[in-house]
Every structure is written in C-alpha cells, then in structure tokens.
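Taken in order, these protein sequences are the chains called L and F. At position 365 of the first sequence the residue is numbered 599 (my numbering), and the sequence of numbers has no breaks. At position 284 of the second sequence the residue is numbered 337 (my numbering), and the sequence of numbers has no breaks. Ideal placement from N, C-alpha and C gives every residue a C-beta, glycine not left out. Predicted, not measured: the structure shown is a model, and the values here were computed from it.
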Amino acid sequence: MSNEWNLAPAAESTSSAEIKERYELFINGEWQAPSDGNYFETISPASEESLAQVAAAGQKDVDRAFEAANAAFKPWSALPAAERGKYIYRIARMIQERSRELAVVESLDGGKPIRESRDIDVPLAAAHFFYYAGWADKLEYAFPQRDPKPLGVAAQIIPWNFPLLMAAWKIAPALACGNTVVLKPAETTPLTALKLAEIIKDAGLPPGVVNIITGAGETGAMMTAHKIPKKLAFTGSTDVGKMIYKAALQGNKKVTLELGGKAANIIFDDAPIEAAVEGIINGIYFNQGHVCCAGSRLFVQESVYDQVLMKLKRRMDQLVVGDPLDKNTDIGAINSKSQLQTIEEYLEVGRAEGSEIYQPECELPEIGYWCRPTLFTNVAQSNRIAQEEIFGPVLAIQTFRTIEEVIDKANNTPYGLSAGVWTDKGSKIFQLTKAMKAGVVWANTFNKFDPTSPFGGYKESGFGREGGIHGLSAYLDF
Amino acid sequence: MNSHELLGQLRVTPVDQMGVIDRIARIKSRSIKKEAKLSGLEKVLSMIDLTTLEGADTENKVRQLSYKAMHLHDGYDGLPTVAAICVYPTMIKVAKQTLAGSGVKVASVATYFPSGQADMDVKIAETRYAIEEGADEVDMVISRGKFLEGEYNYVLDEIIGINELCHAHDVRLKVILETGELGSLDEVRRASDIALLANPDFIKTSTGKISQAANMHVTLVMLQAIRDHFDRTGVQVGMKPAGGISDSKSALHYLRMVKEILGEEWLTNEWFRFGASRLANEVLMQIIKQETGSYQAAQYFSKD
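Now the structure itself:
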C-alpha cells in the first residue's frame, strides 16, 4: 500500500444558487432599471466567466434612492422600536435559511473559498443582524440619560473583500437605530448585496428603508456628495477614505471610515509556537489576504525565528490553492485582475528591495486570478513591502530582540487597525496591548470577529467603531 | 546519555488549548470523499490494533479475534489485514499460533498495565515474560503518579529501561501516556517530550481503561511533539491513539491530521496505529457502501 494519500475534488453544488441574468437597482422596495440604461458585468475571478449584468446607477438613480430613503425615514423611525427589531430579526433568520445559497454566490462572485463564506462570512452576517435586532428597543439602556435619536438617511459604501458581511455591518446598526439607508456594494462583488435586497424585500421591510444601488466609484462619489444623507459610512481604501472625509466635511455629515491596515503580528519566544504558526496563517492568508486587519507584518523574536520560519513554511506547503467552491480549498482566487496586478507589482518590489521570497510549489489553475501564499524574509521597516498595504497573501517577516523594540517597530506605521500578540505570559499581553496603537489587538489568536466586539482603527486606518454598543453610537444623534 | 542529561535537554513547549481546538476544527472541515475516502478507509483497516484486554479473556476469545484480524470480511476481495492483535501477556502464545504466517503482529501490554503501580523489577520481569512468549510489540504504561509528583527522571528511567530490553530483542515498544490522567494539554506535551527522549517506537494515548480515552486534541499535541523530536534528532517515532475512536469519519480525520502534521512518511502501519475494537466493522461497512452504493446491516459483519 502506498503512503500517498491526497484529497479528492469536493466541489460544493451550485444548484442552490440562482443568479439572474440581469440585476436592476433596488430602490423604494422595487427593482428599478437604471435611468441611463447602463449595465456592467460581474465576473467570477476563478473562471473569468460573466455571472450577471448589473445596473450602473447614475445621478438620477442616486437621487431617487436618497429620496426614497428620505421619505421612508419618518414612518420608519416612528415605528415602535420593538417592531423595527422584528424586521431585523426576520432578515437575520432569512439569511440563515438561505445561507448555503449566499455562501455559494459569495464564493462565485468574490473568489473566496467556500469554507470561509460558509463558516465565517454568512454566519457572521446573520449574527450581526441578530445582535442589532436585540438593541433596537433598548437604545435608552445602551445610552442612559442621553436621549438617543436616529440621524436620518445613511449613505453606505462597502468593499469587495467581505461583500455580504460588510453590508450586514452597515445596515444592521443603522436600521436598529431607526435610520434608513442607501448602500452600494463594490462593483466587482455586487451579487450577495443584491441577494440581500431580495431578502429585505421578502422580509416585507417598508419600501425605501433599505435601498441597494450598484455602480463603480462614480456612483459612490455621487452618493457622498449628495445633500440628503446625514451620515457617510465607508469601508475601503485609505485613498478613497480621504476623499470621502473631505465630502463629509463639506456636507457637514457624520462620518465613519474603516480603511486600510498593515497589522503587526508579534511572536514572543515563550509563545505556544504551534498555535502561533496557525495564527500567522489565519492572519495573512485568510480571504487571500484581502483583509484590512490582516497580520501582514510578522515580528518574530530572534531566539525562535528559525523554528517559526521552518514550521510556517511547512504549514504553507499544506495550503490548498484553487477552486473557491471546493470544500478543501484554503486560498481561493484573487478578487480581480487589477488587484492581482497590484499584488504582483509588490512581489517585484520585494524582490528588487533584496528580500527573500518563499512560495510553496502548488499548482495553480490556468484560468482565473491566482497568487500563491507568499512570505518575504530579510525585510526591514524601511522596505516598501513592510510599509504599504498589499491586500494580498503576502507576509513580510522581521525579527526583534526586546519588547520595547517590537512595540516601537509595530507602531511605526501610518496605519493602526489591528495587531496580534503571542505569548504564554499574561502580563506581557497587557503590557503590549496597552502600548499598541491599534483598534483591535488579538492575544493568542487572530482574525476573530464577533458582533458584540467593536472594530475600527487609529490614524490612517480610519475612525469610528462598528460592532458592539460603539457601533450603535455611530448611527445616533445625542 | 543518562536520564539526567537527557532531561536537561527538555524544553517546555507551551500548548494553547484554543489553538488546538481551532486547528482540529480546520482539519475536520476537510472533505474526504470518493477515492480519497476509499483508500483512506483501507489504510485505516491496515492500521488497527484489534484489542481485547479483559479479565474475562480466554484462549478461545483470543483465537476468534485473531481469526477476525486475518479475515476481516472474506466476501470482499483485496482487503488488508489489521496491523496487530493487542492482548495480555498470557494470551500471546495462542495469538501467535493462530496468526502464524499471516503478517499480523502480536502486541502485548506489560509493565503492570493499566495502572503501572508496580516496582521497576516487576515491570522488567513482566516485559521479559512478554518477550519470551513471543510478543512482536510491547505496549507499556508510564508511571502517572510519579509524573504528577514531578519525578520525571523516574518516569524516563523506566521508559529507557523497558525500551532497551525490547530493542535488545527486536521488539517494538509503544509508550502509553494515559493522557486522561494527566490533567492538561501542557502536561500531555511534557509527558510526550519525556517519552520521546527515550526514542521508543510509538507513543500512545491511552489504556482504554478510563473513560477519557483518545481524542483528536491530545493526539494533535502528541503528533506535534513527535514532529519536533524528528526535526531535532531525525528519529522517527510512531503514534497510536487508543480507545474512543469508533466511527470511520473520525478515523479519516485522524489520518488527515497525521498527514498534515507529520507527512506521508507516517501514513503506514509501521508508524501509525489505531487501538480499537469496534472501529474495524464500522470501516468495513463504509468500504462496502463505497463499493456497492448501499449500506449493509450490521448482521453481515462478523462480531469477534
């Protein structure tokens, strides 16, 4: 009997995922054709095949969406809060009922492995709706003596890395607080947000409370410049975030921005090394590294560096790269051709700067956008790959000697979204977490999310918090 | 090197329990289907140590079990035999006679199994008896009481003593840690590291005599210890989870774990075993299902 034992293909069935040929704009509870008659294609990054035609919203459509949201605001905010909660609970349950379909569509449209969309994205999206549904009639208790009031209409723009989950993060607290919303998913991944629109329609939400419009950056700019929204909520790149901040200042709007990151993941020599290696993997290769809080800068204490590097490489060799719909896939397709080019440019930059690259020798499919899990050693703080957000499965590894040194280096970045620390010593965890300028610090774990836990950044990673009670205050006027 | 010098090399390797739970969840999310399932199940069969360790064991019982070891399901061609029969020392002779020429090994427990509460001389004498009776493999227990007292030298000395005796007679040694009595994964790791210092042939989770037998968590920690030992010394040591593994799906998850932590070099019954009595029929049922497309009822599989 040979020792060889490989996994057989285990593709998730796509029969549950019904994708229409063409999607219109979801405005005022109805599917409306774009006034300019423009549509764009959304493709599967794994097969490069077109999945659907999607409406491109122009100025008139944006106007209609905000007017619908504005008209819906008064009756919606005047509803008894418990009734609002019921609608949100209904959305949560319907996401659970359609979870398989949503997971398949998410993986088709965005390229992420079905293991993640099934086990993380979709359940967490439902959890956010459940969580904020519970708050709807308890706002007085969340903010005693502060008389919380809804803001009005919120304009929400979300990225392509967690399309359904980010929609849930944005919509759930806004509705719980009595606001109405106009939401735009990213142009490369609009399908699950449109599926969510179907759910919202089926849930019987009053027309105009949630409007979901699709389009590229121009549509987003029309939204942020619009006079109706009282609140701008954005998750995405720091460059776009800066433009949105400007628009918010000019329009006197409340704003929350959740932007880029370049998180430090710090391994001390007394860490549980096996768990830490797994945490490094989860930190940077989760969702192809398309994660704003990804642990893309690894700091390893010098005395365990060789051991960690050996184990890390061995673990990388185990990762399965390929078909996002295969249940055994660990790393799926890069979200878009342009993102793949960006990542490949950074791989060249890393090589040119003299860093050493390591990639496992896994086979890649011929069609589609793929990048092997990558790590760079021989990296310094002054290297671009250690400074700039790559937003791909690329890890830059540095070593350190003392806790002071690593705190200094970890904070030496324009970003401040997240960080991770690995040590068996509790006191060291507290010393480090207090010193880190990062919105989230994970101790002996990484990339764990929960609706009760606030999430957000410092510095160029943005401001405002989503999740938890903090996430409510972003949608309330006091 | 004596045990003092060996223990001086021992490094404390912390284990994070949540990390272990996450890693296991990730391994269990692997989908093992079609040809991977069938070839995996056949591997599992070939890795089983078919076990009977009862006060009520008789020669006939051991004969019947030995026959089963060689003829798992004669209605189906091409099945492997199990790896070994695991019995008490007094049953070695009858097992050897029945299994003669079949390639199925005879493993015997020794060293005052299952408690290990005996003097070293008694343990050596029992091990020698097992070897003289013809055991191919010996499954010893460590002194958990001494381990929990912090008498690591004592524990290691015992393992070294039994290991030298076995290896002098070309008998392979499995060291049972009885992880259910050690209290935490950190202690499982420590016990594994101590046992590995002696370079035995296998480390093994459990006696099967207490309710907390093998699970994937302790097995993962032990596999990691084996991997680190191999990285440091180049000495390959096998692994045997025992007790509590009774369904084929779990068995495949164990195999996957071995492959991901140790690699394919360990995916043979020379280096990986399941200590189990009920698992064989469960696996057979699944193999027949894979081949014929329908489950057969339990009455079609022999119970020995």
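Exposure of residue i, with buried meaning 16 or more beta-carbon neighbours within 10 Å
i, result
"L/Gln-379", "exposed"
"L/Lys-573", "Per the sequence presented here, residue 573 of chain L reads as Gln, with Lys not at that position. Buried, since its Cβ has 16 or more Cβ neighbours within 10 Å."
"L/Phe-610", "buried"
"F/Ala-78", "exposed"
"L/Lys-429", "buried"
"L/Val-555", "buried"
"F/Val-175", "exposed"
"L/Ile-329", "buried"
"L/Asn-395", "buried"
"L/Thr-636", "exposed"
"F/Gln-170", "exposed"
"L/Arg-318", "buried"
"L/Ile-601", "exposed"
"L/Leu-461", "For clarity, residue 461 of chain L is Lys in the given sequence; the question names Leu instead. Label assigned to L/Lys-461: exposed."
"L/Pro-558", "buried"
"F/Arg-242", "buried"
"L/Leu-483", "exposed"
"F/Phe-325", "buried"
"F/Ser-237", "exposed"
"F/His-126", "buried"
Partner residues on chain L for residue i, Cβ-Cβ distance less than 9 Å
i, result
"F/Lys-87", "Ala-242, Pro-243, Ala-244"
"F/Arg-8", "Outside the shown range of chain F, which is 54 to 357, sits residue 8 of chain F, and nothing can be said about it."
"F/Met-71", "Ala-509, Asn-678, Thr-679"
"F/Leu-359", "Limits of chain F in this structure are 54 at one end and 357 at the other, which puts residue 359 of chain F out of reach."
Per DSSP, the bridge partner or partners of residue i
i, result
"L/Tyr-580", "The partner list for L/Tyr-580 (beta bridge, DSSP) is empty, contrary to what the question assumes."
"F/Met-310", "F/Met-310 pairs with nothing; no bridge assigned."
"L/Lys-693", "L/Tyr-649"
"F/Cys-139", "F/Thr-104, F/Ala-160"
"L/Glu-275", "L/Gln-287"
"L/Asn-486", "According to DSSP, L/Asn-486 bridges with nothing at all."
"L/Asp-711", "L/Lys-383"
"F/Gly-328", "F/Asp-102, F/Ala-295"
Where residue i meets chain F, residues with beta-carbon distance less than 8 Å
i, result
"L/Asp-504", "Pro-67"
"L/Asn-395", "By Cβ distance, chain F contributes nothing, its closest Cβ being about 21 Å from L/Asn-395, past 8 Å."
"L/Asn-562", "Arg-83, Ser-84"
"L/Gln-552", "Glu-313"
Within 8 Å, strictly: CB atoms of residue i and residue j
i, j, result
"L/Thr-276", "L/Leu-425", "yes"
"L/Phe-502", "L/Trp-656", "yes"
"L/Ile-322", "L/Ala-410", "yes"
"F/Asp-105", "F/Lys-114", "Checking the sequence shown, residue 105 of chain F turns out to be Thr, not Asp. Yes, the Cβ-Cβ distance between F/Thr-105 and F/Lys-114 is below 8 Å."
"L/Ile-514", "L/Gly-494", "no"
"L/Pro-268", "L/Ala-389", "no"
"L/Asn-486", "L/His-524", "no"
"L/Val-338", "L/Glu-246", "yes"
"L/Phe-712", "L/Pro-393", "no"
"F/Leu-305", "F/Gly-93", "yes"
"L/Lys-346", "L/Gln-552", "no"
"L/Leu-398", "L/Val-356", "yes"
"L/Thr-453", "L/Ala-290", "yes"
"F/Ala-333", "F/Leu-91", "no"
"F/Gly-156", "F/Thr-134", "yes"
Residue i beta carbon near the ligand PLP (any heavy atom closer than 7 Å)
i, result
"L/Gln-621", "The ligand PLP is not part of this structure, which contains no ligands at all."
Under 7 Å from the C-beta of residue i: neighbouring residues of chain F
i, result
"L/Arg-349", "Ser-82"
"L/Pro-355", "What sits at residue 355 of chain L in the sequence shown is Asp, not Pro. None at all; the shortest Cβ gap to chain F is about 15 Å."
"L/Asp-658", "Pro-67"
Amino acids of chain B, ordered along the chain, whose beta-carbon sits closer than 9 Å to that of residue i
i, result
"L/Glu-238", "Protein chains in the displayed structure are L and F, and chain B is not among them."
8 Å Cβ cut-off: residues of chain L touching residue i
i, result
"F/Lys-312", "Trp-239"
"F/Gln-277", "Glu-508"
Partners in chain L for residue i, counting only beta-carbon separations shorter than 7 Å
i, result
"F/Lys-257", "The premise fails here: F/Lys-257 is roughly 21 Å from chain L at the closest Cβ pair, so nothing lies under 7 Å."
If we count Cβ pairs, one from each stretch, closer than 8 Å, do we get three or more for the stretch 307-318 of chain F versus the stretch 243-252 of chain F?
no
How do the stretch 345-357 of chain L and the stretch 660-680 of chain L stand: do at least 3 beta-carbon pairs fall below 8 Å, yes or no?
no
The stretch 256-272 of chain F touching the stretch 292-299 of chain F, judged by at least three CB pairs closer than 8 Å:
yes
For the stretch 220-228 of chain F and the stretch 682-701 of chain L, state whether three or more C-beta atom pairs, one from each stretch, are separated by less than 8 Å.
no
Could you check whether the stretch 506-513 of chain L touches the stretch 637-653 of chain L, counting it as contact only if at least three pairs of C-beta atoms, one from each stretch, sit closer than 8 Å?
no
Cβ contact (3+ pairs, closer than 8 Å) linking the stretch 63-75 of chain F and the stretch 299-308 of chain F
no
With contact counted as at least three CB pairs below 8 Å, one residue from each stretch, are the stretch 325-339 of chain L and the stretch 539-547 of chain L in contact?
no
Within 8 Å, do at least three Cβ pairs link the stretch 112-126 of chain F to the stretch 276-296 of chain L?
no
Do the stretch 695-709 of chain L and the stretch 183-194 of chain F touch if we need at least three Cβ pairs shorter than 8 Å?
no
Should the stretch 430-443 of chain L be called in touch with the stretch 292-310 of chain L, which here means at least 3 C-beta pairs below 8 Å?
yes
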